[in-house]
Amino acid sequence: MKRLVELVAEIGGLRAGVLGDLMLDRYIWGKADRISPEAPVPIIEVSRCSAVPGGAANVLRNIVGLNAEAHAFGCLGADPEGQELLALLQQCQTVTEGIIVDGTRPTTVKTRVLAANQQVLRIDQESKENFKKEIRVQLLEKLRQALAKNAIGALILEDYAKGLFDQQFMQDACDLAREAGCIVCLDPHSSHNFCVQGLKLMTPNRSEAFSLAGLPLQEAHNDPLQDEALREVGARILRQWQPELLLITLGAQGMALFKDEALPPLHIATQARQVFDVSGAGDTVMACMALALLAGANAEEAARLSNAAAGVVVGYLGTTAIDAETLRRKILESRSTGSNATP
Numbered sequence: 001m002k003r004l005v006e007l008v009a010e011i012g013g014l015r016a017g018v019l020g021d022l023m024l025d026r027y028i029w030g031k032a033d034r035i036s037p038e039a040p041v042p043i044i045e046v047s048r049c050s051a052v053p054g055g056a057a058n059v060l061r062n063i064v065g066l067n068a069e070a071h072a073f074g075c076l077g078a079d080p081e082g083q084e085l086l087a088l089l090q091q092c093q094t095v096t097e098g099i100i101v102d103g104t105r106p107t108t109v110k111t112r113v114l115a116a117n118q119q120v121l122r123i124d125q126e127s128k129e130n131f132k133k134e135i136r137v138q139l140l141e142k143l144r145q146a147l148a149k150n151a152i153g154a155l156i157l158e159d160y161a162k163g164l165f166d167q168q169f170m171q172d173a174c175d176l177a178r179e180a181g182c183i184v185c186l187d188p189h190s191s192h193n194f195c196v197q198g199l200k201l202m203t204p205n206r207s208e209a210f211s212l213a214g215l216p217l218q219e220a221h222n223d224p225l226q227d228e229a230l231r232e233v234g235a236r237i238l239r240q241w242q243p244e245l246l247l248i249t250l251g252a253q254g255m256a257l258f259k260d261e262a263l264p265p266l267h268i269a270t271q272a273r274q275v276f277d278v279s280g281a282g283d284t285v286m287a288c289m290a291l292a293l294l295a296g297a298n299a300e301e302a303a304r305l306s307n308a309a310a311g312v313v314v315g316y317l318g319t320t321a322i323d324a325e326t327l328r329r330k331i332l333e334s335r336s337t338g339s340n341a342t343p
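For the sequence shown, the positions run 1 to 343 when the numbering used here is used.
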């Protein structure tokens with residue numbers, strides 16, 4: 001645990017870029033005491049509204065929360081929502097020089113309605129049409145300029161299937177970063193089996209992993225180390241994509257770290273005491289993993305640190321980013337109760 005506490009400090013001051021689908025997460029909070037006479041739906045009496053960076057922008061927020069420097073690469077619409085998201089990112093000290101505004105498409109907005117600490121409804125405003133070629137060219141140029149200045153040591157690719165990524169664009173971004181000495185990490189989308197080469201890390205969840213491996217999703221085994229279907233999925237992804245590391249998040253079962261298709265994974269049990277909301281937990285895991293690896297952590301140390309961070313953010317309702325001090329306290333607290341990882 002001492003090493004993990006040291007890592008939290010060592011991450012501070014590192015610099016990472018995030019290229020991906022930037023979103024605005026809105027929340028409408030209220031209570032539901034009545035059913036509408038017009039239709040069998042609850043009436044929500046709104047008490048407050050809030051908004052935070054979402055999607056790839058939430059990864060940026062987690063990077064900043066860990067006292068590292070975050071560089072955004074992505075596209076926003078020329079609309080009030082895009083302006084709001086840009087302002088939120090700048091308020092949390094994200095470097096936004098790599099963001100492009102496209103007046104032909106809207107900013108992606110996810111609005112969640114919550115009552116009595118439960119999500120009642122989610123409304124998505126978005127376009128999934130492929131981005132114009134010139135937008136991708138401009139983003140690659142923004143990335144190239146940042147790399148030429150040694151502005152980032154890691155590049156995180158965040159694919160939410162909103163039209164930004166295709167096979168060539170993702171590979172080009174990966175190649176540019178690797179040529180500049182950056183590590184490249186990918187949070188993939190289940191609908192994009194691009195098999196990009198040169199990745200340091202991939203972090204799909206269980207459902208995404210089965211889809212990427214081309215296998216039907218199977219019920220999880222009580223013991224992930226005895227989950228033959230999961231092991232086959234891990235082996236297939238390692239064989240096809242050839243990432244150096246594969247971290248499959250397993251929800252309440254924690255996570256499984258794969259490094260060699262011939263070897264069993266390392267299982268790390270969840271540290272969450274209570275789960276209110278898993279939305280955004282994968283973003284926290286990715287930010288933590290990438291920064292820990294950039295700081296020189298080995299794969300197991302990075303995974304344990306990310307697991308601790310995920311155990312914090314799922315305890316909050318709504319998309320929440322980790323912060324360094326909270327993570328440090330979480331690690332020290334878990335030291336007093338003993339490790340829950342399985343070798």
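Glycine included, every Cβ here is placed at the ideal spot set by N, Cα and C. None of these values were measured; they are calculated from a predicted model.
query = Do you know offhand how far T342's Cα is from F258's?
reply = Here T342 scores only 40 on pLDDT, less than 50, and its place in the model should not be relied on; the value that follows carries that caveat. Distance between the alpha carbons of T342 and F258: 14 Å.
DSSP-derived helix/strand/coil call for Q93 = Q93: coil per DSSP, three-state reduction.
request  = Work out the CA separation of A209 and S191 for me, nearest whole Å.
outcome  = 11 Å
inquiry  = Counting C-beta neighbours from all protein chains within 10 Å, is the total for L186 16 or more, i.e. buried, or is it exposed?
reply    = buried
task = Please confirm whether T104 and R122 have their CB atoms less than 8 Å apart.
result = At a Cβ-Cβ threshold of 8 Å, T104 and R122 do not count as neighbours.
query = According to the neighbour-count rule (16 or more other Cβ atoms, all chains shown, within 10 Å of its Cβ), is I156 buried or exposed?
reply = buried
Exposure label - Y316; buried when at least 16 CB within 10 Å = Flag for Y316 reads exposed.
inquiry  = Three or more C-beta pairs under 8 Å: does that hold for the stretch 149-167 against the stretch 284-294?
reply    = Between the stretch 149-167 and the stretch 284-294 there are three or more inter-stretch CB-CB distances shorter than 8 Å, so the stretches are counted as touching.
task = Would you give the residue range spanned by the alpha helix (DSSP H) that F73 belongs to?
result = It is not in any alpha helix (DSSP H) - F73 instead sits in the beta strand (DSSP E) that spans 69-77.
Under the three-state DSSP convention, the category P53 falls into = Residue state, collapsed to three classes: strand.
ask   = Between E126, L230, C195, which lies nearest to G345 when the distance is taken from Cα to Cα?
value = No answer is possible for residue 345: it lies beyond the span of the chain, which begins at 1 and ends at 343.
key: Of the residues L201, T326, P188, the one placed nearest C182, counting alpha carbons only   = Out of L201, T326, P188, the CA that lies nearest to the CA of C182 is found in L201.
ask   = Which residue comes first and which comes last in the beta strand (DSSP E) that contains D227?
value = Counting along the chain, D227 falls outside any beta strand (DSSP E), and DSSP gives it neither H nor E.
query = Exposed or buried, which one is K142 when buried takes at least 16 other CB atoms within 10 Å?
reply = buried
ask   = Leaving out the 5 sequence neighbours to the left and right, which residues in its chain are closer than 6 Å to A148 when beta-carbon positions are compared?
value = none
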